[in-house]
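Peer 1: Right, I'll just put the structure down here and ask away after.
Protein chains in written order, with our numbering: chain L, 483 to 640; chain Z, 483 to 640.
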């Protein structure tokens, strides 16, 4: 999680761990109805978010190119491309790290990003992208594998 | 790579492997100048892309909710959120899978997505998000770790 690569080492992902009953009561109204029961049952919910001001850290995180901070300040399109893409890469590292530790990680996309952001990030600094339920696997927790695409459907050569 | 989770098992990532001199000659003009030498030196370049029509496969990939295909056909905002996010998750699985196999995987964001798409995906079906250089590590290939954020900078609790 900590060492997975991101674009220019920008590390834009942020994590809000929801562990209290009060936190869950704020979270669940913004989930799709089908996700409420499993989110409530999980001991921990992680709200993964992109930090809109991630580029402010660039002079420290990428010390040989500090000028990239100002370049991204002036280029919101590239900033969003870097921030969103790298945050999703880190979301995958997060899921894999939790599972590698022997815990269950259940990612859920079915929620209102606007609702979560207004509830948890009123300063408009972080934008939620994914909620991950975390806990020990329950009894018979795994469903059968769903189908995958064939190689020829997903891969080309040039 | 094949089994990592995606939103509703949509599996929107596609891969174009560039392995021929002709393919590299089409690739490198669209890279930032600083990325050309390393892309040329790598035996394989993988162009990772989102399939704009990924939702067409939903009746097969998510057989208990085939109606999601039409729901996403009518909702381009949600379709983009699902497609882009899940493709980036799969990009991380791809990087980790290559490294787990003992090869070097060097992801590069510095390229023109519009240029690559026009060159390799003129049918406008795939949209490039990342280029990954793949090969055996060279001599002294690793630079020192760059700094990371502190825990308090990246994590909150509720």
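By construction, the Cβ of each residue, glycine as well, lies at the ideal position given by its N, Cα and C atoms.
Check whether the region 579 to 595 of chain Z touches the region 586 to 600 of chain L, counting contact only when three or more Cβ pairs, one atom from each stretch, lie closer than 8 Å.
Peer 2: The region 579 to 595 of chain Z is not in contact with the region 586 to 600 of chain L.
Peer 1: State the Cα-Cα distance for the pair residue 538/Z and residue 574/Z, rounded to the nearest angstrom.
Peer 2: Computed Cα separation, rounded: 24 Å.
Peer 1: In the DSSP assignment, the alpha helix (DSSP H) including residue 643/Z goes from what residue to what residue?
Peer 2: Missing from the structure shown is residue 643/Z; chain Z here goes from 483 to 640 and no further.
Peer 1: Do you know whose CA, among 484/L, 619/L, 603/L, lies nearest residue 638/Z's CA?
Peer 2: When only C-alpha atoms are compared, the closest one is 603/L.
Peer 1: Which same chain residues, not among the five before or five after residue 551/Z, have their C-beta less than 7 Å away from its C-beta?
Peer 2: Counting only Cβ-Cβ distances below 7 Å, and skipping sequence neighbours, we find 537, 538, 540, 541.
Peer 1: Which bits of chain Z does residue 484/L rub up against, with CB to CB less than 8 Å?
Peer 2: Ordered by position in chain Z, the residues that pass the 8 Å Cβ test against residue 484/L are 630.
Peer 1: Based on the DSSP secondary-structure assignment, which residues constitute the bridge partners of residue 544/Z?
Peer 2: Beta-bridge pairing links residue 544/Z to no other residue.
Peer 1: Could you tell me which whole alpha helix (DSSP H) segments of length 4 or greater appear in the region 594 to 626 of chain Z?
Peer 2: Entirely contained in the region 594 to 626 of chain Z, the alpha helix (DSSP H) runs reaching 4 residues are, in chain order, 595 to 602.
Peer 1: Residues of the region 511 to 522 of chain L in Cβ contact with chain Z at a cutoff of 8 Å, in chain order, please.
Peer 2: Listed by position along the chain: nothing, the set is empty.
Peer 1: Can you tell me which residues form a DSSP beta bridge with residue 533/L?
Peer 2: BP columns for residue 533/L point to 608/L.
Peer 1: Give the list of continuous beta strand (DSSP E) stretches no shorter than 3 residues that lie fully inside the region 491 to 525 of chain L.
Peer 2: Whole beta strand (DSSP E) segments, 3+ residues: 495 to 500.
Peer 1: If I follow the unbroken beta strand (DSSP E) through residue 638/L, where does it start and stop?
Peer 2: Note, residue 638/L: beta strand (DSSP E), 637 to 639.
Peer 1: Who are the neighbours of residue 491/Z on chain L, taking C-beta pairs under 8 Å?
Peer 2: Result: 628, 629.
Peer 1: Starting from the beta carbon of residue 573/L, find every residue of chain Z whose beta carbon is closer than 9 Å, and list them in chain order.
Peer 2: Those within 9 Å of residue 573/L in chain Z are 567, 570, 571, 574.
Peer 1: Give the straight-line distance between the Cα atoms of residue 532/L and residue 566/L, rounded to the nearest whole angstrom.
Peer 2: Their backbone Cα atoms lie some 7 Å apart in a straight line.
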